[in-house]
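*Asks:* So the sequence shown is numbered by our numbering: it starts at 1 and just counts up by one.
Positions of the beta carbon are idealized from the N, C-alpha and C atoms, including for glycine.
If you're wondering where the values come from, they're calculated on a predicted model, not measured in any experiment.
Just passing along the structure, written as structure tokens.
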Amino acid sequence: MEERSGVVGRDGELARLGTLIDRIGSEGAAVVVDGDAGVGKTTLVDAVAEYARGRGVRVLRTAGSTAESGEQYAALQLLLHPLRAGIDVLPPPQRTALSVAFRSAEGEQPSPLLAGLAALTVVSDAAAVTPLLLVVEDVHWIDTESRWALRMLARRIGQDPVVVLMTTRERRTDDDAGLERMHLGPLSAADADALLDALPRPPLGAARRALHELAQGNPLALVELTGRGPDPVEDGAVTRRLETAFAERFADLDQPTRLAVLAIALGGTATAEDAGRFVDRALGRYPDPSWIDRAVAASLLVWSDRSGLRFRHPLVQTAVTNISRPSERAAVLRALVQEHASDPVRTLWWRSELATGPDAELAAELAAHARSALATGDPVAAARASDRAAELTDPGPLRVERLLDAADHAGLAGRTADATLLVQRAATETTDPVLAARAAWVRETLPTGRTALARGDLSPALAAVRALQEHGAVDLATGALLHLASIAWDHNRVAVPGAPMLEAVHALALPDDDPRGILLAAVTEPLVRGDEVVERVLARGPVDPDDPEQAWWSGYALNIAGEFVEARERLEVAVAGLRASGDIRVLPQALLGASMSNFQAGRLERARTLAEEAVVLGRDLGDAGFATAARACVAWFDGIDGTAPDREAITAGSAAGAHVLQSSVMRANLQGATAAAALLDGRARDAREALRPLLDVDGDAYNPNFAVLTTQDYVDAAVATDARDLVELHAARLAGLHETWHGPILVSALGYTETALALGADPGRAVQGLRDRPLPMPYVQARALLHAGDHLRRVGLTPESRPVLHEALALFERLPAPAWARRTREVLRAAGERLPDAPPSRTTVLTPQELRICTLANTGLTNRAIAQHLFLSPRTVGAHLYSAYRKLGIGGRAQLGAVLDPAAEGPGTA
1 MEERSGVVGR
11 DGELARLGTL
21 IDRIGSEGAA
31 VVVDGDAGVG
41 KTTLVDAVAE
51 YARGRGVRVL
61 RTAGSTAESG
71 EQYAALQLLL
81 HPLRAGIDVL
91 PPPQRTALSV
101 AFRSAEGEQP
111 SPLLAGLAAL
121 TVVSDAAAVT
131 PLLLVVEDVH
141 WIDTESRWAL
151 RMLARRIGQD
161 PVVVLMTTRE
171 RRTDDDAGLE
181 RMHLGPLSAA
191 DADALLDALP
201 RPPLGAARRA
211 LHELAQGNPL
221 ALVELTGRGP
231 DPVEDGAVTR
241 RLETAFAERF
251 ADLDQPTRLA
261 VLAIALGGTA
271 TAEDAGRFVD
281 RALGRYPDPS
291 WIDRAVAASL
301 LVWSDRSGLR
311 FRHPLVQTAV
321 TNISRPSERA
331 AVLRALVQEH
341 ASDPVRTLWW
351 RSELATGPDA
361 ELAAELAAHA
371 RSALATGDPV
381 AAARASDRAA
391 ELTDPGPLRV
401 ERLLDAADHA
411 GLAGRTADAT
421 LLVQRAATET
431 TDPVLAARAA
441 WVRETLPTGR
451 TALARGDLSP
461 ALAAVRALQE
471 HGAVDLATGA
481 LLHLASIAWD
491 HNRVAVPGAP
501 MLEAVHALAL
511 PDDDPRGILL
521 AAVTEPLVRG
531 DEVVERVLAR
541 GPVDPDDPEQ
551 AWWSGYALNI
561 AGEFVEARER
571 LEVAVAGLRA
581 SGDIRVLPQA
591 LLGASMSNFQ
601 AGRLERARTL
611 AEEAVVLGRD
621 LGDAGFATAA
631 RACVAWFDGI
641 DGTAPDREAI
651 TAGSAAGAHV
661 LQSSVMRANL
671 QGATAAAALL
681 DGRARDAREA
691 LRPLLDVDGD
701 AYNPNFAVLT
711 TQDYVDAAVA
721 TDARDLVELH
731 AARLAGLHET
741 WHGPILVSAL
751 GYTETALALG
761 ADPGRAVQGL
771 RDRPLPMPYV
781 QARALLHAGD
791 HLRRVGLTPE
801 SRPVLHEALA
811 LFERLPAPAW
821 ARRTREVLRA
831 AGERLPDAPP
841 SRTTVLTPQE
851 LRICTLANTG
861 LTNRAIAQHL
871 FLSPRTVGAH
881 LYSAYRKLGI
891 GGRAQLGAVL
901 DPAAEGPGTA
């Protein structure tokens with residue numbers, strides 16, 4: 001990059017970013033530039049933007065600000081404003097999402113997932129006309145919804161001619177996974193000297209040495225702190241010195257100029273006309289036009305024809321808002337409220353700051369804002385709004401409820417210290433037994449790592465639930481128990497909840513048709529009440545396709561109860577509906593539930609696809625724990641393909657991920673994957689040892705559900721190590737479960753075990769039983785046929801073994817389970833067949849994403865519909881299809897059906 005005027009010491013960074021601009025026609029890119037305040041992020045971005053314009057790239061910019069950090073989708077709206085005409089041609093759900101988010105239509109605020117997908121489509125459509133550089137500055141101050149949506153967009157640029165350039169003061173976080181990172185550190189001494197030499201009056205000698213010590217290589221400090229004496233160097237000292245310098249300049253201005261600058265800082269406006277009008281409202285007169293010159297001369301504001309007025313640096317805005325006099329601040333806030341009286345959402349926080357005592361109407365607005373923020377995945381904003389709502393509420397039960405809401409939201413946001421204080425405040429302000437019990441519940445469920453619940457002890461939490469029950473708060477108690485039950489099922493270190501939990505569930509005495517009661521029965525007693533759960537769910541009739549939440553909970557309950565056929569259909573409905581609405585509260589869990597039910601139903605390719613989608617969604621959410629759970633689910637399929645799980649890769653080095661892998665379900669999942677891979681590698685004893693802990697009732701890895709699900713591996717390992725007694729013992733366990741539970745996964749496991757035992761006595765009859773009464777799980781049926789065929793071969797019935805093995809091979813290939821198909825071919829060769837290797841599928845040359853897109857295209861979906869389904873841009877979909885056509889040697893969609901696997905399926909039918 002040649003155009004780098006004013007940029008010193010950043011040649012490498014300029015070269016890298018210039019290369020991305022040069023390649024924009026062939027591929028998109030996204031980079032996050034991080035560094036301390038004043039280190040030169042804006043200067044670097046300005047140089048890149050100028051370079052991009054010189055090459056015909058359209059530049060769109062947005063920036064975070066403290067004034068708008070609590071205003072949902074403010075930054076995204078500013079970025080897309082020049083492209084607003086493109087919103088009208090979006091698919092209806094996306095069009096509605098952005099219209100509501102940008103307050104041009106009424107409705108419930110969309111999730112960042114749906115808003116991000118809509119923004120991606122708008123950007124992709126615009127970039128098809130002119131390449132785009134999207135500049136997003138000060139991400140650390142951008143509202144949570146915009147930040148989420150923009151990061152999602154950045155990860156999915158793919159083949160679009162778009163470069164996304166973000167700046168932040170935050171170092172690498174889980175939120176930035178999948179994005180290129182560029183760190184700007186202090187300038188070297190030589191580069192700092194070069195910058196000083198370029199000043200109109202560069203400091204010399206002792207003054208220069210003092211400035212070097214003061215600025216610590218920070219470019220902004222080198223320019224702005226000339227002439228200031230050195231202070232002791234400590235963490236954050238340079239930033240504080242800069243803020244102090246800017247604050248002093250602001251304080252020296254005349255009052256009208258201060259008010260105008262403060263109006264820009266608080267209101268986020270960048271026009272001199274707006275600022276002047278706010279001053280007129282505050283003082284009763286307009287400032288004289290030279291106020292701009294004075295603010296620019298003080299190095300607080302800068303002016304350009306392209307961007308109008310803006311702060312010299314974000315630190316100026318911070319300094320101005322921090323040092324402003326309370327009376328002047330209040331005057332400007334009142335002016336802002338009057339100016340935007342027709343937009344109560346925009347003025348909410350200004351009015352909140354102006355309030356000096358209880359205000360029931362404003363408190364209700366804040367409480368509603370908290371609910372909206374929570375629904376869009378922003379617990380930080382929800383906690384802030386609930387806390388302020390409580391402050392503006394008269395003492396009493398409603399105030400305590402809002403304090404507890406704030407504590408709950410702060411806990412979700414990871415701000416456990418704030419949450420703990422809020423709970424303490426609530427507890428000291430009430431003697432109401434229900435509120436006291438809720439306070440105890442919230443305190444116990446905070447993610448502090450120091451509660452009994454964190455240690456796996458449910459007793460204190462259950463005591464709070466019982467108190468809620470005893471005082472008539474059944475709905476609160478039910479919600480709390482559902483939360484605890486999910487912990488016991490998905491996160492607890494033990495696989496069964498124990499008697500106290502069951503007593504609490506039974507004490508609720510919910511009606512038989514109450515979905516909460518059905519779900520509680522499924523997650524607390526799946527082995528005992530599985531049949532009851534299935535009966536109660538099916539009695540409610542088919543699910544409404546327009547009610548994905550009902551499809552989710554009913555499919556989840558059926559999946560836990562082992563009724564995977566009906567569960568799969570309902571969970572597919574749930575995934576389709578939740579994906580279309582962008583509902584990020586339930587979609588992650590629905591994806592994993594649908595993945596497992598598809599596996600059980602014999603749709604392994606679809607199952608893996610859903611698990612991989614969950615991994616991507618977990619990354620988008622910045623949820624290291626869920627991303628780990630999703631990768632563990634993918635590891636299950638890797639195990640079936642012969643690859644043992646890598647725990648470090650699954651957690652991605654995350655402490656939250658490591659904690660997730662301590663749960664009973666996750667440990668059992670990985671043990672099962674380890675065993676399957678060991679069997680394929682010929683290490684039967686290792687496979688048996690991997691699964692043994694799942695069956696040990698007294699061990700901390702005991703998990704009866706996965707002991708059922710991994711039966712085929714345990715039986716094969718036991719038979720291969722001459723431990724028939726273990727097979728008999730396992731058969732007895734399964735038969736005991738079968739007395740009260742008849743779920744298809746148990747029927748499959750029991751049938752597999754009985755077949756293995758029967759082969760020794762009457763192999764012909766055992767094989768005929770598999771043909772007459774196939775096991776419900778296709779994968780287990782294929783494994784049983786392989787086990788039976790191999791047994792026949794080993795006992796000398798080689799001719800009889802071959803047709804059985806061919807049946808197994810055909811089923812493995814349909815699933816598909818390629819590693820087990822290869823194993824079956826090896827056994828057939830050992831049975832004397834001269835069997836060639838499987839002919840390579842033409843689709844093996846495709847990447848997983850290309851195969852996924854081709855499969856959807858084969859169902860008749862357009863590129864735009866596929867993009868919405870997979871959260872990609874339409875152009876990226878088109879690029880993948882073009883690449884796939886070249887690899888497959890075909891000319892278009894019409895020929896896809898002839899080359900794709902017949903088992904490949906599309907959305908809603910897979």
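#1: My output table needs one value for D583: the three-state DSSP class, helix, strand or coil.
#2: Counting Cβ pairs closer than 8 Å, one from the segment 19–32 and one from the segment 95–103, do we hit at least three?
#3: For A495, which three-state DSSP category applies?
#4: What does a CB cutoff of less than 7 Å around W141 pick up in its chain, not counting 5 residues either side in sequence?
#5: By the three-class DSSP mapping on this structure, what secondary structure does V261 have?
#6: Where DSSP assigns a beta bridge to R310, which residues make up the other side?
#7: Return the Cβ separation of A452 and E444 in integer angstroms, given the expectation that the two are a contact with Cβ distance under 8 Å.
#8: So, with DSSP's three-state summary, where would you put T847?
#9: Is R802 helix, strand or coil when you go by DSSP?
#10: Relative to the C-alpha of W148, which residue among V715, P112, M182, R688 is closest?
#11: Taking a contact to mean a Cβ-Cβ separation below 9 Å, would you say A884 touches L846 in this structure?
#12: Within the present structure, is the beta-carbon of L253 separated from the nearest heavy atom of the ligand GDP by less than 8 Å?
#13: When DSSP labels each residue in this structure, what does T376 get in the three-state scheme?
#14: In whole angstroms, what is the alpha-carbon distance linking P131 and A115?
#15: Less than 8 Å between the CB atoms is what I'm expecting for G682 and W636, so what's the real figure, rounded?
#16: So which of V59, D160, I21 has the shortest CA-CA distance to A879?
#17: Any beta-carbon of chain D closer than 9 Å to the one on L846?
#18: Nearest by alpha-carbon distance to G284: which of A627, A247, D193, A331 is it?
#19: Look at L253 and A295 and say whether their C-beta atoms are less than 9 Å apart.
#20: Please report the residue range of the alpha helix (DSSP H) in which M666 lies.
#21: Would DSSP call M166 helix, strand or coil?
#22: Would you mind stating whether L591 and L610 have Cβ atoms separated by less than 9 Å?
#23: According to DSSP, is E754 helix, strand or coil?
#24: Please look up how many angstroms separate the CB atoms of A632 and M666, rounded, as I've assumed it's under 8 Å.
#25: Taking buried to mean at least 16 other C-beta atoms within 10 Å of its own C-beta, is E605 buried or exposed?
#26: R829 by DSSP, collapsed to three states: which one?
#27: In chain order, what residues of the same chain lie with their CB nearer than 6 Å to the CB of A477, ignoring the 5 residues before and after it?
#28: One question on the structure: do T416 and R402 come within less than 9 Å of each other, judged by their Cβ atoms?
#29: Between which residues of its own chain and E243 is the CB-CB distance below 8 Å, once the five residues before and five after are set aside?
#30: How would you call L78, buried or exposed, if buried means at least 16 neighbouring beta carbons within 10 angstroms?
#31: Classify L809: buried if its beta carbon has 16 or more other beta carbons within 10 angstroms, exposed otherwise.
#32: Rounded to the nearest angstrom, how far is the Cβ of A419 from that of L446, given a contact under 8 Å?
#33: Please report the Cβ distance between L797 and L785, rounded to the nearest whole angstrom; I am assuming they are in contact, meaning their Cβ atoms lie under 8 Å.
#34: Please work out which residues of its chain come closer than 8 Å, Cβ to Cβ, to P588, disregarding the five sequence neighbours upstream and downstream, and give them in chain order.
#35: In or out: D698 buried (at least 16 other Cβ within 10 Å) or exposed?
#36: For A355, which of helix, strand or coil comes out of DSSP?
*Replies:* So, from the listed chains and residues:
#1: In this structure, DSSP gives D583 a state outside helix and strand, which the three-state scheme calls coil.
#2: With contact defined as three or more Cβ pairs closer than 8 Å, the segment 19–32 and the segment 95–103 are not in contact.
#3: Note on A495: pLDDT 42, under 50, position unreliable in the model; no value is reported.
#4: Around W141: G64, S65, T66, S69.
#5: For V261, the secondary structure class from DSSP, reduced to helix, strand or coil, is helix.
#6: Answer is V302, bridged to R310.
#7: Going by Cβ atoms, the distance from A452 to E444 rounds to 7 Å, so yes, they are a contact pair.
#8: Three-state DSSP puts T847 in coil, outside helix and strand.
#9: Helix at R802.
#10: The shortest C-alpha separation from W148 is found at P112.
#11: In this structure, A884 lies near L846, with their beta-carbon atoms less than 9 Å apart.
#12: The ligand GDP is absent from the structure shown, which contains no ligand whatsoever.
#13: If DSSP states are grouped into helix, strand and coil, T376 belongs with coil.
#14: Between the C-alpha atoms of P131 and A115 there is a straight-line separation of about 21 Å.
#15: Their Cβ separation, rounded to whole angstroms, is 21 Å, which puts G682 and W636 out of contact at 8 Å.
#16: When only C-alpha atoms are compared, the closest one is D160.
#17: The structure shown contains no chain D; it is built from a single protein chain.
#18: Looking at the Cα atoms, A331 is the closest of the given residues.
#19: Yes.
#20: First-last of the alpha helix (DSSP H) with M666: 664–680.
#21: Assigned with DSSP and collapsed to three states, M166 falls in strand.
#22: Yes.
#23: Taken through DSSP and simplified to helix, strand or coil, E754 comes out as helix.
#24: Contact annotation, A632 with M666: C-beta distance approximately 5 Å; criterion of less than 8 Å satisfied.
#25: The residue in question, E605, is buried, as its Cβ has 16 or more Cβ neighbours within 10 Å.
#26: DSSP places R829 in helix when its eight states are reduced to three.
#27: Taking A477 as the centre and dropping the five residues before and after it, the same chain places the C-beta of V465, L468, Q469 closer than 6 Å to its C-beta, in chain order.
#28: No, the pair does not count as a contact, with Cβ atoms beyond the cut-off.
#29: Taken in chain order, the residues that qualify are L315, T318, A319, N322.
#30: Buried, by the Cβ-count rule.
#31: Buried, since its Cβ has 16 or more Cβ neighbours within 10 Å.
#32: Indeed they touch by this definition, with Cβ atoms about 5 Å apart.
#33: Incorrect: roughly 14 Å between the Cβ atoms, too far for contact.
#34: A614, L617, G618, L621, D623, F626, A630, listed in sequence order.
#35: Residue environment analysis places D698 among the exposed positions, since fewer than 16 neighbouring C-beta atoms fall within 10 angstroms of its C-beta.
#36: Note: A355 maps to coil in three-state DSSP.
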